[in-house]
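Q: There's a structure below that I have some questions on.
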Amino acid sequence: MVQYTEIAMRRRSKQRFAWTLASLLCVAALGPWLAGRPASAEVIEEIIAQVNDKIIVLSEYQRSLTSLKEDLSQGGLAGLELEGRLREQSKDALRDLIDTQLLVQKAAELGISADTDLIKRLDEIRSNMNLPSMEALEEAANRQGMNYEDFKENLRENILTQQVIQREVGSRVTVPPEEVQKYYDEHQSEMERKEGVSIQQILISTEGKSGEELPALRQKAEEVLVKAKAGQDFAALARQYSDAPNASGGGQAGFFEKGSMAPELEAAVEALQPNQVSDLIETRYGFMILKLLSRSQAGVPPLAEVENRIYEQIYLQRVQPALREYLTRLRQEAFISIKPGYVDTGAAPDQVSNRQP
Numbered sequence: 427m428v429q430y431t432e433i434a435m436r437r438r439s440k441q442r443f444a445w446t447l448a449s450l451l452c453v454a455a456l457g458p459w460l461a462g463r464p465a466s467a468e469v470i471e472e473i474i475a476q477v478n479d480k481i482i483v484l485s486e487y488q489r490s491l492t493s494l495k496e497d498l499s500q501g502g503l504a505g506l507e508l509e510g511r512l513r514e515q516s517k518d519a520l521r522d523l524i525d526t527q528l529l530v531q532k533a534a535e536l537g538i539s540a541d542t543d544l545i546k547r548l549d550e551i552r553s554n555m556n557l558p559s560m561e562a563l564e565e566a567a568n569r570q571g572m573n574y575e576d577f578k579e580n581l582r583e584n585i586l587t588q589q590v591i592q593r594e595v596g597s598r599v600t601v602p603p604e605e606v607q608k609y610y611d612e613h614q615s616e617m618e619r620k621e622g623v624s625i626q627q628i629l630i631s632t633e634g635k636s637g638e639e640l641p642a643l644r645q646k647a648e649e650v651l652v653k654a655k656a657g658q659d660f661a662a663l664a665r666q667y668s669d670a671p672n673a674s675g676g677g678q679a680g681f682f683e684k685g686s687m688a689p690e691l692e693a694a695v696e697a698l699q700p701n702q703v704s705d706l707i708e709t710r711y712g713f714m715i716l717k718l719l720s721r722s723q724a725g726v727p728p729l730a731e732v733e734n735r736i737y738e739q740i741y742l743q744r745v746q747p748a749l750r751e752y753l754t755r756l757r758q759e760a761f762i763s764i765k766p767g768y769v770d771t772g773a774a775p776d777q778v779s780n781r782q783p
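One gets our numbering by counting positions in the sequence shown from 1 and adding 426 to each.
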């Protein structure tokens, strides 16, 4: 089931669409912006579903499938495993598009506006990209071949769906502290860990580069290091400059057990305190900068360290069925028409969906 909560909205958006603005990982759900576009004699969109007075077209559906495949690929899947997972998850692609449309329409019914939050979110993106103005952000979007107005509309829909879900579903789901304590007591063996560190990284790659290129690459790495040491957002720097595969995720490298990293990296991390940035480390892959996020001792972590994660896990287990039940009610109240050959896996038993759009 696709997760629509505030906690998991980034994941849902990533499964539906993968529009990345410049080097910043800022993904938003694509809405039915084609519905209001004038008809064209040259471009004819095939309508595959209608949700009340709005339509879903084939190109939206195809983009969602493409983005789902990209997301699974970035998660490390390939070959038959990738195709199998894609085949399974793509069954819900139309359902997810319909869910979004129902939630956006519900936002309008409830009088929910995303205008203020949209401005804040866009300014946050601008700031993370170190751009001087909103005009510069629009230019960056255009350079990526993206229509800026469409990008804003996608982001607006994302905000609206989150607000509806929080108001109509999430606010009614509670997780008492005693349940968090109970989960912690019953699952300690699963939480036991070895000694190690969690880190972020920035890599300026030198692989395949000639000797003449190395001085410029070192200079680039040193400039990035100065910014990181000065306190600039490390994740934003990773997205903008890093050549590592985890760059789009803000350089999150994950947890490493003590002794599992290369000796030069192990030595650099050993000298760091949490939230401290290393000096430049020269490796066979390139010039690397590390940031220590946390250092873990062997054994079961204290409750205070993991209670937020436990809370989120229990919350998601409860909010998902509640959300699906809510979306089923919205379907029962709506007119939904699906073109033959396409399936809404979230259809309500008595949903009005017998007519072709």
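We treat Cβ as the ideally placed atom computed from N, Cα and C, and that holds for glycine.
State the Cα-Cα distance for the pair Val595 and Pro689, rounded to the nearest angstrom.
A: 49 Å
Q: Report all residues from its chain with a CB closer than 6 Å to the CB of Glu683; omit the five preceding and five following residues, and keep chain order.
A: Lys620, Gly622
Q: For Gly712, does the count of other Cβ atoms within 10 angstroms reach 16, so buried, or fall short, so exposed?
A: buried
Q: Looking at the unbroken beta strand (DSSP E) that takes in Met714, where does it start and where does it end?
A: 712 to 722 is the span of the beta strand (DSSP E), which, as asked, contains Met714.
Q: From the DSSP secondary-structure annotation, give me the bridge partner or partners of Leu629.
A: Met714
Q: On a CA-only basis, which of Pro558, Arg489, Arg598, Glu738 is nearest Ser516? Give me that one, please.
A: Arg489
Q: Would you be able to state if there are at least three C-beta pairs under 8 Å between the segment 646 to 659 and the segment 707 to 724?
A: yes
Q: Counting pairs of beta carbons, one from the segment 518 to 533 and one from the segment 744 to 757, are three or more of them closer than 8 Å?
A: Remark: three or more beta-carbon pairs, one from each stretch, lie closer than 8 Å, so the segment 518 to 533 and the segment 744 to 757 are flagged as touching.
Q: Taking 6 Å as the limit between beta carbons, can you name the residues of its chain near Ser720, skipping five residues before and five after?
A: Ser624, Pro700
Q: Quick one: what does DSSP say Ser763 is sitting in, helix, strand or coil?
A: strand
Q: So within the segment 666 to 690, which uninterrupted beta strand (DSSP E) runs reach at least 3 residues, ignoring any that extend past its ends?
A: 678 to 683
Q: Pick helix, strand or coil for Ala475, following the three-state DSSP scheme.
A: strand
Q: Enumerate in chain order the residues of its own chain whose CB-to-CB distance from Val769 is below 6 Å, with the five nearest sequence positions on each side excluded.
A: Cβ neighbours of Val769 beyond the five flanking positions: none.
Q: Could you compute how far the alpha carbon of Ser449 sits from the alpha carbon of Ala760?
A: At Ser449 the pLDDT is 28, less than 50, meaning the model places this residue with poor confidence; the figure from the coordinates comes in the next sentence. For Ser449 and Ala760, the distance between alpha carbons rounds to 39 Å.
Q: Counting Cβ pairs closer than 8 Å, one from the segment 490 to 503 and one from the segment 545 to 552, do we hit at least three?
A: no
Q: Taking Ala664 as the reference, which of Ile628, Glu696, Met687, Val695 has the closest Cα?
A: Ile628
Q: Are Ala694 and Ile707 touching if we call contact CB-CB under 7 Å?
A: It is a contact, given that the beta carbons lie within the stated cut-off.
Q: Please classify Ile762: is it buried, with 16 or more other beta-carbons within 10 angstroms of its beta-carbon, or exposed?
A: Buried, because 16 or more other Cβ atoms sit within 10 Å of the Cβ of Ile762.
Q: Classify Ala504 as buried or exposed, calling it buried when 16 or more other Cβ atoms lie within 10 Å of its own Cβ.
A: exposed
Q: What's the call for Asn734, buried or exposed, on a 16-neighbour Cβ count within 10 Å?
A: exposed
Q: Tell me which residue opens and which closes the alpha helix (DSSP H) that Lys655 is part of.
A: Segment 640 to 655, the alpha helix (DSSP H) holding Lys655.
Q: Taking the CB atoms as reference points, tell me whether Ala540 and Ile585 lie closer together than 7 Å.
A: yes
Q: Quick check on the burial criterion: 16 or more other C-beta atoms within 10 angstroms. Buried or exposed for Arg569?
A: The Cβ neighbour count for Arg569, taken over all protein chains shown within 10 Å, is under 16; the residue is labelled exposed.
Q: What's the gap between the Cα of Ala730 and the Cα of Met560?
A: 40 Å
Q: Taking only the alpha-carbon atoms, compute the straight-line gap between Leu557 and Gln614 and give it to the nearest angstrom.
A: Cα to Cα, Leu557 sits roughly 46 Å from Gln614.
Q: From the DSSP secondary-structure annotation, give me the bridge partner or partners of Ile482.
A: Ala475
Q: Hey, quick one: how far does the alpha helix (DSSP H) through Arg376 stretch, first residue to last?
A: Because the chain here runs from 427 to 783, residue 376 falls outside it and cannot be looked at.
Q: Just curious, the alpha helix (DSSP H) that Met560 is in, first and last residue?
A: First-last of the alpha helix (DSSP H) with Met560: 560 to 569.
Q: Given 8 Å as the limit, is there contact between the segment 473 to 491 and the segment 505 to 524, that is, 3 or more CB pairs closer than that?
A: Contact between the segment 473 to 491 and the segment 505 to 524 is present: 3 or more CB-CB pairs across the two stretches fall below 8 Å.
Q: Tell me which residues share the same chain as Arg582 and place their Cβ nearer than 7 Å to its Cβ, disregarding the 5 neighbours each side in the sequence.
A: Ala540, Leu544
Q: In whole angstroms, what separates the C-alpha of Glu471 from that of Ser704?
A: Distance between the alpha carbons of Glu471 and Ser704: 53 Å.
Q: What is the rounded straight-line gap between the Cα of Ile474 and the Cα of Ala567?
A: 29 Å
Q: Excluding the 5 residues flanking Ile740 on each side, which residues of the same chain have their C-beta closer than 8 Å to its C-beta?
A: Val601, Glu605, Val606, Tyr609
Q: Mapping DSSP to helix, strand and coil, what is Glu509?
A: helix
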